[in-house]
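Since the structure comes first, as structure tokens, the remarks are kept for the end.
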């Protein structure tokens, strides 16, 4: 276990809105709290590599 938990959320055409939705889910269902840091990986398609890795603080 690498401390990963899957949560299904709706995607938006605006990536920041998608992240805000994900952050809300983490705050409500994953036991995280405001100020906690999370790793965001974007554009990770199978076999093509990863475009960006960010560390974000939950708002």
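In the working numbering, the protein residues as written are 212 to 270.
Backbone N, C-alpha and C fix where the C-beta goes; we use that ideal spot for every residue, glycine too.
Check: Contacting residues, own chain, Cβ-Cβ under 6 Å from residue 237 (five flanking each side not counted); Outcome: 243
Check: Alpha helix (DSSP H) runs contained entirely in the region 220-264, provided each spans 4 or more residues; Outcome: 226-240
Check: C-beta contact flag for residue 263 and residue 253 at 8 Å; Outcome: yes
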